[in-house]
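A.B. asks:
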Amino acid sequence: MSTPQDATPDTAISTVADHAHHSIDRIAGVTRTAENDVRASMRDGVRAAKDVKARATAGAADGRSQARSTVATFNDRASAHPGFLFAAGAGLALGAVLVRAAIRRL
Numbered sequence: 001m002s003t004p005q006d007a008t009p010d011t012a013i014s015t016v017a018d019h020a021h022h023s024i025d026r027i028a029g030v031t032r033t034a035e036n037d038v039r040a041s042m043r044d045g046v047r048a049a050k051d052v053k054a055r056a057t058a059g060a061a062d063g064r065s066q067a068r069s070t071v072a073t074f075n076d077r078a079s080a081h082p083g084f085l086f087a088a089g090a091g092l093a094l095g096a097v098l099v100r101a102a103i104r105r106l
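This is how it looks when you write it as structure tokens:
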């Protein structure tokens with residue numbers, strides 16, 4: 001590094017150029033770091049979205065499985081006990097009557 005006593009136009013230009021080059025390198029490094037951080041965040045977001053999608057798909061499959069099981073159970077009971085359908089229908093009708101009565105009271 002030159003001192004002010006031996007400064008010439010060439011050394012002054014060289015010093016300014018060195019500082020500018022160093023500043024550009026620092027800015028480029030910060031920019032690369034920021035770009036890498038953004039890319040990492042995007043990858044994390046994509047991973048999280050895929051995880052949510054996988055869980056939702058598994059949950060939907062589980063829900064479908066439970067619904068099929070419930071329908072199969074209902075069908076098994078209905079075929080084994082003919083009075084089951086009558087009891088189920090009567091239960092639904094009674095439920096509807098109770099709901100209507102509750103609504104009228106409001």
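So the sequence shown is numbered by full-length UniProt numbering: it starts at 1 and just counts up by one.
We treat Cβ as the ideally placed atom computed from N, Cα and C, and that holds for glycine.
Computed from a prediction, not measured in an experiment: that's the story for all the values here.
1. If you draw a straight line from the C-alpha of Ala101 to the C-alpha of Ala49, how long is it?
2. When the distance is taken between beta carbons, is Ala78 closer than 8 Å to Leu85?
3. For Ala60 and Ala20, I'd like the C-alpha separation in whole angstroms.
4. How big is the Cα-Cα spacing for Ala58 and Arg39?
5. Where do the ends of the alpha helix (DSSP H) carrying Leu85 lie?
6. Helix, strand or coil for Thr33? Go by DSSP, reduced to three states.
7. In this structure, does DSSP put Thr70 in helix, strand or coil?
8. What's the gap between the Cα of Gly89 and the Cα of Arg105?
C.D. replies: Put simply:
1. Numbered from its first residue, the sequence shown carries residue 101 at position 101. Numbered from its first residue, the sequence shown carries residue 49 at position 49. So the two alpha carbons sit approximately 46 Å from each other.
2. Against the sequence shown, residue 85 aligns to sequence position 85. Against the sequence shown, residue 78 aligns to sequence position 78. Taking 8 Å as the Cβ cut-off, Leu85 and Ala78 qualify as a contacting pair.
3. For the purposes of this step, residue 60 is taken as residue 60 along the sequence shown, with counting starting at 1. For the purposes of this step, residue 20 is taken as residue 20 along the sequence shown, with counting starting at 1. Cα to Cα, the separation comes out at about 59 Å.
4. Here residue 58 refers to the residue found at position 58 of the sequence shown. Here residue 39 refers to the residue found at position 39 of the sequence shown. So the alpha carbons of these two residues sit roughly 28 Å apart.
5. Along the sequence shown, read from residue 1 onward, the residue named residue 85 stands at position 85. Leu85 -> alpha helix (DSSP H) spans Pro82 to Arg105.
6. For the purposes of this step, residue 33 is taken as residue 33 along the sequence shown, with counting starting at 1. Helix, per DSSP.
7. On the sequence shown, residue 70 is found 70 positions in, with the first residue counted as 1. Of the three classes helix, strand and coil, the one that applies to Thr70 here is helix, per DSSP.
8. Position 89 of the sequence shown, counting from 1, holds the residue named residue 89. Position 105 of the sequence shown, counting from 1, holds the residue named residue 105. C-alpha separation (whole angstroms): 25 Å.
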